[in-house]
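When we follow our numbering, the leftmost residue of the sequence shown carries the number 72, and every step to the right adds one. Each remark here refers to the structure printed beneath this line.
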Amino acid sequence: MKTSDTARRRRTRLGAIAAAAVTALTTGLIGAVTAQAGQSSRPDHAAPP
Numbered sequence: 072m073k074t075s076d077t078a079r080r081r082r083t084r085l086g087a088i089a090a091a092a093v094t095a096l097t098t099g100l101i102g103a104v105t106a107q108a109g110q111s112s113r114p115d116h117a118a119p120p
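Below you can see the structure in the form of structure tokens.
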């Protein structure tokens with residue numbers, strides 16, 4: 072019984088760590104794509120006065 076309890080706890084902790092890592096990676100990717108989209112939508116040169 073004790074072994075399965077420990078294994079379950081370890082699996083739960085690994086699952087939480089994996090979920091946090093996936094969330095962080097996804098957030099970083101979305102942030103990078105958003106930043107790139109914001110840069111590409113700006114005009115490269117200003118209109119002459």
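Glycine included, each C-beta is placed from N, C-alpha and C at the ideal position.
What does the alpha-carbon distance come out to for the pair residue i and residue j?
i    : j   : result
V104 : S75 : 43 Å
A87  : T97 : 15 Å
R84  : A95 : 17 Å
R80  : A89 : 14 Å
Q110 : V93 : 26 Å
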